[in-house]
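A.B. asks: First, the structure itself, so that you have it in front of you.
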Amino acid sequence: MNCQECEEIISDYVDGALEPGAQTKIEHHLANCEACRAVRDDLLQIVHFSKQLPLHIPTSDLWSRIQTEIEAEQPKTWWARSKARLQNLYGRDFKFSIPQFAAIAAACIIVAAIGVVVWQKNNSQVPQFANAAPADNQLQTKLANDPSFQEFEQTIKQLKESVEQRKDTWGPELRLSFERNMTSIDQSLNDCRQLLSRNPNDETCKELLKNAYSEKVRVLQGFANF
Amino acid sequence: MLRLKDTIERCRGRKLARLLALLACLFYLAIPSPAAIKFDRTYNIKGQAHLTVANINGAITVTAWNRRAIAVSAINEPSAAIAEQVSGDEISLTVKKAMPPGKVSFQIFVPADTDLRLNNYLGRIEVRGVRGDVSIKSYDSEVHLIDAAIPSVDVNVTTGSIFFDGDLTGDGPYTLQTLNGDVDVSLPATTSFQLSTRALSEKINLGGFLNSLSSENKAPKSISGTHLKGGPRLSLIAFTGRILLHKK
Ligand SMILES: [Zn+2]
Numbered sequence: 010m011n012c013q014e015c016e017e018i019i020s021d022y023v024d025g026a027l028e029p030g031a032q033t034k035i036e037h038h039l040a041n042c043e044a045c046r047a048v049r050d051d052l053l054q055i056v057h058f059s060k061q062l063p064l065h066i067p068t069s070d071l072w073s074r075i076q077t078e079i080e081a082e083q084p085k086t087w088w089a090r091s092k093a094r095l096q097n098l099y100g101r102d103f104k105f106s107i108p109q110f111a112a113i114a115a116a117c118i119i120v121a122a123i124g125v126v127v128w129q130k131n132n133s134q135v136p137q138f139a140n141a142a143p144a145d146n147q148l149q150t151k152l153a154n155d156p157s158f159q160e161f162e163q164t165i166k167q168l169k170e171s172v173e174q175r176k177d178t179w180g181p182e183l184r185l186s187f188e189r190n191m192t193s194i195d196q197s198l199n200d201c202r203q204l205l206s207r208n209p210n211d212e213t214c215k216e217l218l219k220n221a222y223s224e225k226v227r228v229l230q231g232f233a234n235f
Numbered sequence: 275m276l277r278l279k280d281t282i283e284r285c286r287g288r289k290l291a292r293l294l295a296l297l298a299c300l301f302y303l304a305i306p307s308p309a310a311i312k313f314d315r316t317y318n319i320k321g322q323a324h325l326t327v328a329n330i331n332g333a334i335t336v337t338a339w340n341r342r343a344i345a346v347s348a349i350n351e352p353s354a355a356i357a358e359q360v361s362g363d364e365i366s367l368t369v370k371k372a373m374p375p376g377k378v379s380f381q382i383f384v385p386a387d388t389d390l391r392l393n394n395y396l397g398r399i400e401v402r403g404v405r406g407d408v409s410i411k412s413y414d415s416e417v418h419l420i421d422a423a424i425p426s427v428d429v430n431v432t433t434g435s436i437f438f439d440g441d442l443t444g445d446g447p448y449t450l451q452t453l454n455g456d457v458d459v460s461l462p463a464t465t466s467f468q469l470s471t472r473a474l475s476e477k478i479n480l481g482g483f484l485n486s487l488s489s490e491n492k493a494p495k496s497i498s499g500t501h502l503k504g505g506p507r508l509s510l511i512a513f514t515g516r517i518l519l520h521k522k
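If you're matching them up, the sequences are chains A and B in order. Positions in the first sequence are counted from 1; adding 9 to them yields the numbering used here. Positions in the second sequence are counted from 1; adding 274 to them yields the numbering used here.
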């Protein structure tokens, strides 16, 4: 695989949507190509950034005030902020050549502009995932009555609180991985619940539901440990 | 879930994706990156080795060789330090937790009879030619067990496929579970085992073993039965993915 082929599928890779074969190939390329790794890492950051966008619809008045604020403030402080961030990251002072400086400046401005576009686009739409599908009440009650699942839910709730407090320190790649894992588990849990609501005597489903619950606890414990 | 592709397509299609990629390169090249650190160790082994590796982000590759020594070569980002603990033939390597955690990739050579315990959060795991007990726990990892004639195995990942190509040489148990990925197992036709499979996706393909298995239970989501004389328990669990069994 060359860089161009890598670029073609890298967004699918970041989405976790590649077939195992293609994934192996791109991982092999990424292991050997610093430039493509950088692209991947930045895409991961962008994904994370877009996920964290608030689901409020700003009025046009509010938006123009924010824009004025950004325009007024950004030239004064962005350099100081970036430098402090770099020093934080690597614990040393940097000196940049003029081309490097120009590249950073250009990149910062364009990334900021794209951020604004993404932000605007997202906020101009009605949120599609604000409400999860209504749960099966009967099954919920049944699960709540089952002492082992109640215990799972309780443990999961506690671990989630602890994870939420630490999330910001993980860095984009691990945060994305955590979210991917949680999505996998929640999908499996939902599938099990749905199948069980149709056939409450499905013993395999019951066992798989228990496995999925255990897995959720395992993942949350692992990530709460950071 | 808001996905990257949707985000990009909603904005400007592939042109924006290209622009982003270009920008990211520009950004990356503009920042002087600190050099990676190399961790190299060789531990001489007298009896049977037990190796534990706890990584966070990065690949772990373990390969069996003929020497009575464990050789570890890791490339880590400066923010990721590796703690080592050696007590006789028991060796434990742990990537210290930092904020944010740095990447470390391990390349390890071990005597074939080494017992392995590999823990990770994110990154491919490959074990080749090992004859000891293997335990692998990870969250986001594709796992490859190649030429694995091992007495027992326990692999548990949340996201990622598990590939096992080898033989069952002990009492087991042999347990492979992933929530999002395939469980793909290749065994010699002459191997005896007690099979239990569960796939929420109902995608279970026992290949050549289907006919030689005396079935105890055959449902869409679960097939179990005895192969030849029975013996060690082989338990395969998948959710969204498939369970695939191949005769070698
Ligand atoms: Zn490349």
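Think of the CB as a built atom: it goes at the ideal place given N, C-alpha and C, for glycine as much as any other residue.
Please classify asparagine 208 of chain A as buried or exposed, where buried requires at least 16 neighbouring CB atoms within 10 angstroms.
C.D. replies: Looking up residue 208 of chain A in the first sequence gives position 199. Classification of asparagine 208 of chain A: exposed, given that the 10 Å Cβ count is below 16.
A.B. asks: Between aspartate 211 of chain A and the rest of its own chain, which residues show a CB-CB distance below 8 Å, the 5 nearest in sequence each way excluded?
C.D. replies: Here residue 211 of chain A is taken as the residue at index 202 of the first sequence, counted from 1. Around aspartate 211 of chain A: Leu204, Leu205.
A.B. asks: Mind checking whether the beta-carbon of histidine 520 of chain B lies closer than 8 Å to any heavy atom of ligand 1?
C.D. replies: Counting from 1 along the second sequence, the entry for residue 520 of chain B is found at position 246. Because no heavy atom of ligand 1 lies under 8 Å away, the Cβ of histidine 520 of chain B does not count as near it: no.
A.B. asks: Just mark glycine 287 of chain B as buried or exposed, buried being the case when its beta carbon has 16 or more other beta carbons within 10 Å.
C.D. replies: For the purposes of this step, residue 287 of chain B is taken as residue 13 along the second sequence, with counting starting at 1. In this predicted model, glycine 287 of chain B has a pLDDT of only 49, less than 50, meaning its place in the structure is not dependable enough to derive any value.
A.B. asks: Rounded to the nearest angstrom, what separates isoleucine 334 of chain B and leucine 52 of chain A at their Cα positions?
C.D. replies: Your numbering for residue 334 of chain B matches position 60 in the second sequence. Your numbering for residue 52 of chain A matches position 43 in the first sequence. Taking the straight line from one Cα to the other gives about 24 Å.
A.B. asks: Can you tell me whether serine 488 of chain B is buried or exposed? The criterion is at least 16 other CB atoms within 10 Å of its CB, across all chains shown.
C.D. replies: On the second sequence, position 214 is the one that residue 488 of chain B refers to. Serine 488 of chain B should be labelled exposed.
A.B. asks: Using a beta-carbon distance below 9 Å, is glutamate 14 of chain A in contact with chain B?
C.D. replies: Taking the first sequence and counting its residues from 1, the one referred to as residue 14 of chain A is at position 5. No, no contact with chain B.
A.B. asks: For the alpha helix (DSSP H) containing lysine 34 of chain A, name the first residue and the last one.
C.D. replies: One-based indexing of the first sequence puts residue 34 of chain A at position 25. Residues 29 to 41.
A.B. asks: At the level of alpha carbons, what is the spacing between glycine 504 of chain B and isoleucine 517 of chain B?
C.D. replies: Here the question's residue 504 of chain B lines up with position 230 in the second sequence. Here the question's residue 517 of chain B lines up with position 243 in the second sequence. Taking the straight line joining both Cα atoms gives about 20 Å.
A.B. asks: Using alpha carbons as the reference points, say which of B:Glu364, B:Pro352, B:Asp387 lies closest to valine 378 of chain B.
C.D. replies: As a position in the second sequence, residue 378 of chain B is number 104, starting the count at 1. Among B:Glu364, B:Pro352, B:Asp387, the Cα nearest to that of valine 378 of chain B is on B:Pro352.
A.B. asks: Determine the DSSP secondary structure at valine 404 of chain B, reduced to helix, strand or coil.
C.D. replies: Stepping through the second sequence from its first residue, residue 404 of chain B is reached at position 130. In the structure shown, valine 404 of chain B sits in coil (DSSP, three-state: anything other than H, G, I, E or B).
A.B. asks: Please list, in chain order, all residues with a C-beta atom less than 6 Å from at least one heavy atom of ligand 1.
C.D. replies: Here the residues come out as A:Cys12, A:Cys15, A:His38, A:Cys42, A:Ala44, A:Cys45.
A.B. asks: Terminal residues of the continuous beta strand (DSSP E) containing asparagine 430 of chain B?
C.D. replies: Locating residue 430 of chain B in the second sequence gives position 156, counting from the first residue. Looking at the DSSP string, the run of the beta strand (DSSP E) that includes asparagine 430 of chain B is 427 to 433.
A.B. asks: Which residues in chain A have a C-beta closer than 7 Å to the C-beta of lysine 371 of chain B? List them in chain order.
C.D. replies: Taking the second sequence and counting its residues from 1, the one referred to as residue 371 of chain B is at position 97. In chain order: Phe235.
A.B. asks: Alpha carbon to alpha carbon, what distance is there between phenylalanine 161 of chain A and asparagine 41 of chain A?
C.D. replies: Counting from one through the first sequence, the residue named residue 41 of chain A turns up at place 32. Counting from one through the first sequence, the residue named residue 161 of chain A turns up at place 152. Spanning the two alpha carbons is a distance of roughly 42 Å.
A.B. asks: Which parts of the stretch 177 to 233 of chain A are runs of the beta strand (DSSP E), unbroken and 3 residues or longer, counting only runs that do not cross its ends?
C.D. replies: Counting only runs of 3 or more, we get nothing.
A.B. asks: According to DSSP, is leucine 396 of chain B part of a helix, a strand, or is it coil?
C.D. replies: Your numbering for residue 396 of chain B matches position 122 in the second sequence. Note: leucine 396 of chain B maps to strand in three-state DSSP.
A.B. asks: Are the stretch 426 to 441 of chain B and the stretch 492 to 503 of chain B in contact at 8 Å, needing three or more beta carbon pairs?
C.D. replies: Not touching, per the Cβ criterion.
A.B. asks: Helix, strand or coil for glutamine 174 of chain A? Go by DSSP, reduced to three states.
C.D. replies: Looking up residue 174 of chain A in the first sequence gives position 165. Helix at glutamine 174 of chain A.
A.B. asks: Return no unless some Cβ of chain B is closer than 9 Å to the Cβ of alanine 40 of chain A.
C.D. replies: Position 31 of the first sequence holds residue 40 of chain A. Cβ-Cβ to chain B under 9 Å: yes for alanine 40 of chain A.
A.B. asks: In angstroms, rounded to a whole number, what distance separates the CA positions of leucine 510 of chain B and asparagine 220 of chain A?
C.D. replies: The residue given as residue 510 of chain B occupies position 236 in the second sequence. The residue given as residue 220 of chain A occupies position 211 in the first sequence. The alpha-carbon atoms of leucine 510 of chain B and asparagine 220 of chain A are separated by roughly 12 Å.
A.B. asks: Against chain A, with Cβ distances strictly below 9 Å, would tyrosine 413 of chain B count as a contact?
C.D. replies: Here residue 413 of chain B is taken as the residue at index 139 of the second sequence, counted from 1. Output row for tyrosine 413 of chain B: interface = yes.
A.B. asks: How is glutamine 359 of chain B classed by DSSP in three states: helix, strand or coil?
C.D. replies: The residue labelled residue 359 of chain B in the question sits at position 85 within the second sequence. Three-state result, glutamine 359 of chain B: strand.
A.B. asks: For asparagine 190 of chain A, go through chain E and note every residue whose CB falls closer than 7 Å to its CB, in chain order.
C.D. replies: Protein chains in the displayed structure are A and B, and chain E is not among them.
A.B. asks: So glutamine 196 of chain A contacts chain B; which residues on that side make the cut at Cβ distance below 9 Å?
C.D. replies: By one-based count along the first sequence, residue 196 of chain A stands at place 187. Residues of chain B passing the Cβ test: Leu453, Asn454, Phe513, Thr514.
A.B. asks: Quick one: list the residues of chain B neighbouring alanine 221 of chain A, beta-carbon separation under 8 Å, in chain order.
C.D. replies: If you number the first sequence from 1, residue 221 of chain A lands on position 212. Leu453, Phe513, listed in chain order.
A.B. asks: Check glutamate 416 of chain B in the structure and name its three-state DSSP category.
C.D. replies: Reading the second sequence from its first residue, position 142 is the one you call residue 416 of chain B. Of the three classes helix, strand and coil, the one that applies to glutamate 416 of chain B here is coil, per DSSP.
A.B. asks: Would you call proline 494 of chain B buried or exposed, if buried means 16 or more other Cβ atoms sit within 10 Å of its Cβ?
C.D. replies: Taking the second sequence and counting its residues from 1, one reaches residue 494 of chain B at position 220. By the 10 Å Cβ count, proline 494 of chain B comes out exposed.
A.B. asks: What are the boundary residues of the alpha helix (DSSP H) that glutamate 17 of chain A is part of?
C.D. replies: Numbered from its first residue, the first sequence carries residue 17 of chain A at position 8. Start and end: 12 to 24.
A.B. asks: Give the residues from the stretch 469 to 497 of chain B that approach chain A closer than 7 Å (Cβ to any Cβ), ordered along the chain.
C.D. replies: Answer in chain order: Arg472, Leu474, Ala493, Lys495, Ser496.
A.B. asks: Mind pulling the chain A residues with CB within less than 8 Å of leucine 396 of chain B?
C.D. replies: Walking along the second sequence from the start, residue 396 of chain B turns up at place 122. Per Cβ cutoff of 8 Å: Glu182, Leu183, Ser186.
A.B. asks: Give a yes or no on whether 9 Å exceeds the smallest Cβ distance from serine 193 of chain A to chain B.
C.D. replies: Taking the first residue of the first sequence as position 1, residue 193 of chain A is located at position 184. Chain B, which has a Cβ nearer than 9 Å to the Cβ of serine 193 of chain A, makes this yes.
A.B. asks: Please tell me whether serine 379 of chain B has its Cβ less than 9 Å away from any Cβ of chain A.
C.D. replies: Numbered from 1 along the second sequence, position 105 holds the residue referred to as residue 379 of chain B. So yes, serine 379 of chain B belongs to the interface.
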